[in-house]
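Protein sequences appear in the order of chains A and B.
Here my numbering is used: the first residue of the first sequence is 11, the next is one more, and so on.
Here my numbering is used: the first residue of the second sequence is 11, the next is one more, and so on.
Note that the Cβ used here is the ideal one computed from N, Cα and C, for glycine as well.
One structure is given below, encoded as structure tokens.
Protein chains: 2
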Amino acid sequence: MRKHVFFGGKGGVGKTTMSSAYALRCARADLSTLIVSTDPAHSTSDVFDQQFDDDPASVEGIENLDAMEIDPEAETERHLMETKRAMSDQVSAAMVNEIDRQIEMAHQTPGAYEAALMDRFIDVMREADDYDRVVFDTSPTGGTLRLLSLPEMLEGWIDRLAHKREKAIELYERAAIGNNEPRRMMDGDPILDRLRTRKERFEFAGDRLRNDAAFFLVVNPDELSLRETSRAIDELQSYGLDVRGLAVNRLTPEPEDHEEGRGARFLRDRVETEREHLDELRESFGPPVVAEVETRVSEVKGSILETVASELDIDVGVEPASAPE
Amino acid sequence: MRKHVFFGGKGGVGKTTMSSAYALRCARADLSTLIVSTDPAHSTSDVFDQQFDDDPASVEGIENLDAMEIDPEAETERHLMETKRAMSDQVSAAMVNEIDRQIEMAHQTPGAYEAALMDRFIDVMREADDYDRVVFDTSPTGGTLRLLSLPEMLEGWIDRLAHKREKAIELYERAAIGNNEPRRMMDGDPILDRLRTRKERFEFAGDRLRNDAAFFLVVNPDELSLRETSRAIDELQSYGLDVRGLAVNRLTPEPEDHEEGRGARFLRDRVETEREHLDELRESFGPPVVAEVETRVSEVKGSILETVASELDIDVGVEPASAPE
């Protein structure tokens, strides 16, 4: 398996269960593992009965496993403050208010949440040198994936901006013969620097996601979840991302053979309907089904988590990253 | 009940079932009823085994009931084309390309979908004079609700724009004494006209939604759905919209008393957990629980729909609109 493993899927399908179970498997296989959660409900803290925050911390009682929880709302706010600060260092005092207003408006758009989260993912991927495996309880979708085309877009901007600056500097130099001051200013241009840094960060992200990450989608055996999964596979693949498997969660348990009555009939009907959905998943979806996990009435933690981990047919062995194109 | 009834809730909770059942109840009570669906999966067509489209059509075999399906993707596209056409009539040929590009970019933002849908809702509400009741299988949320503050925002724009024009016209008139041409141009200003029309449309929508609409939220008896419902109630109420009740769907059926075994135990545990969620809904959510509907394995249509309709404790009697503030 590649170093970065993402578990995607809509809210409520069981991403936390699947990612926690897989991270546990990796840790048990002696891989130094980090699980990264972005669920605002702190579900990873619930699973391991321990409060996690933005810094990786050892999971008590489980060797080789660290966990961290990123709060997406707080990230968006932090991102907003940082962008404001970085921009206000670079423009005249008179423009600061207007720019603040523009940045605030930009942060109210739905894309801001994804941008802030992606920025945090990039930090985690850059700083995760000490880990053999990093498991994410979410996967980039829609708006976040679109950010992967940012490097090309920024490339165009940077080129045009650099070209304009170059011209301006030539004029300055002609006006002040022998004075290299203008060129030195250009070398340290803070806006160009910032754009170049962003471009490099997102290039790094694109490379890691394409060449050193594996994506799994968590599916529930119903019509709606199948449709959403089909869309998510197409979306990930359109960005060159590798969907390795589908983890089916919340299967209805079968009653025992001797059971008869309204309850048993309901369960048997339901199991049959779900089997049809499973067949469809196996036959008309590309990636293989790597887990079939039954609904649990009680929370999945402790020994139930161990059982679920044993039901995942997802490889843990280390697989080197592909070479970037 | 007010004329416009909306059934909101996340994808998959059962909005189509609840709204179809309620529309059926209204029709059976001799109210001329229209059900409006925005589900891209054409679920209303499935429920009534009949293909519906953008124009209201009689539902076969059910007196007093019409149905229509709005395709949100097609609406967004139509909205894009119309905005382009309207704008290109009003600017010089040289600017048309640039404006087209800007409008296309604006339509790729998540808000565009909501704007297009809201525009269509407004059309439906304006044209629904012949109906006693209009039932929507969705409810405005987030981005769509934010559009309700559009009239105030547009008001500011219109005032500033009109003021600038007024000044310009004074100058023109001073330059051409006795010539009223500039003032006549101002009266028919196409951009001001368009802004005023938009403002009036959204004022109309805000008035209808606040004074002649009732909102119900469809909830499933699980943690995630409860959290989402709580957020939706706050959101609707913050826009002064009236949440009248919570319709609980997908309750697990209880096994019969004599049933014993793994299946029966699973069902009983689950029923108990769901009851705790129901208690929470009743005790700590404001709006009353107006329906408790069990999961059906087969599709809800025909006689099952009639049964579900009878399980809804939602009033059908006509209630006059409140006076606008």
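Would residue i count as contacting chain A if we go by Cβ distances under 8 Å?
i, result
"PHE279 (chain B)", "Position check: residue 279 (chain B) holds Asp in this sequence, whereas Phe was assumed. Yes, because at least one Cβ of chain A sits closer than 8 Å to the Cβ of ASP279 (chain B)."
"ARG272 (chain B)", "yes"
"VAL318 (chain B)", "no"
Give me the chain A residues within the contact set of residue i, using Cβ-Cβ distance strictly less than 9 Å, ordered along the chain.
i, result
"LEU234 (chain B)", "GLY21, GLY22, ALA51"
Please list the partners that residue i has in chain B, where partner means a Cβ-to-Cβ separation under 8 Å.
i, result
"HIS89 (chain A)", "The contacting residues do not exist; HIS89 (chain A) stays about 18 Å from chain B at best."
At what residues does the alpha helix (DSSP H) containing residue i begin and finish?
i, result
"SER240 (chain B)", "233-248"
"PHE212 (chain B)", "200-221"
"MET28 (chain B)", "25-38"
"LEU288 (chain B)", "272-294"
"GLU316 (chain A)", "312-321"
Any beta carbon from chain B within less than 8 Å of residue i's own beta carbon?
i, result
"THR26 (chain A)", "no"
What in chain A is Cβ-close to residue i, meaning under 7 Å?
i, result
"HIS268 (chain B)", "GLY271"
List the residues of chain B whose Cβ lies closer than 9 Å to the Cβ of residue i, in chain order.
i, result
"THR283 (chain A)", "VAL307, SER308"
Which class does residue i belong to by DSSP, given the choice of helix, strand or coil?
i, result
"GLU302 (chain B)", "strand"
"MET91 (chain B)", "helix"
"GLY18 (chain A)", "strand"
"VAL57 (chain A)", "helix"
"ASP76 (chain A)", "strand"
"ALA375 (chain A)", "Within the shown structure, residues of chain A are numbered from 11 to 335, placing residue 375 (chain A) beyond reach of any answer."
"PHE131 (chain A)", "helix"
"THR43 (chain B)", "strand"
"SER308 (chain A)", "coil"
"SER68 (chain B)", "strand"
"ALA96 (chain A)", "helix"
"ALA138 (chain B)", "helix"
"ALA186 (chain A)", "coil"
"ALA125 (chain B)", "helix"
"ALA51 (chain A)", "coil"
Mind listing the chain B neighbours of residue i? Cutoff is C-beta to C-beta under 7 Å, in chain order.
i, result
"ASP276 (chain A)", "Note on identity: in this sequence residue 276 (chain A) is Phe, with Asp being the wrong assignment. Simply PRO263, VAL307."
What residue range does the beta strand (DSSP E) around residue i cover?
i, result
"ARG143 (chain A)", "143-146"
"GLY255 (chain B)", "253-261"
Quick one: does the C-beta of residue i sit closer than 7 Å to a heavy atom of the ligand SAM?
i, result
"GLU137 (chain B)", "Absence of the ligand SAM is noted for the structure shown, with no ligands found whatsoever."
Check: Quick one: any contact between the region 224-233 of chain A and the region 245-258 of chain A, if contact means 3 or more CB pairs under 8 Å?
Finding: yes
Next item on the list: Determine contact between the region 290-297 of chain B and the region 287-306 of chain A, defined as no fewer than three beta-carbon pairs at a distance below 8 Å.
Entry: no
Item checked: Segment contact flag, the region 35-51 of chain A with the region 141-151 of chain A, C-beta cutoff 8 Å, min 3 pairs -> yes
Check: Is the number of C-beta pairs between the region 213-224 of chain A and the region 267-280 of chain A that are closer than 8 Å three or more?
Finding: no
Margin query: I'd like to know if the region 197-216 of chain B and the region 150-166 of chain B are in contact, where contact means that at least 3 CB-CB pairs between them fall below 8 Å.
Written below: yes
Item checked: Inter-stretch contact (C-beta, 8 Å, three-pair minimum) for the region 46-56 of chain B and the region 68-85 of chain B -> yes
Check: Does the count of Cβ pairs from the region 21-40 of chain A and the region 62-74 of chain A closer than 8 Å reach three?
Finding: yes
Next item on the list: Check whether the region 203-210 of chain B touches the region 161-170 of chain B, taking contact to mean three or more Cβ pairs, one atom from each stretch, closer than 8 Å.
Entry: yes
Check: Does the region 300-308 of chain B touch the region 320-327 of chain B, meaning 3 or more C-beta pairs lie closer than 8 Å?
Finding: yes
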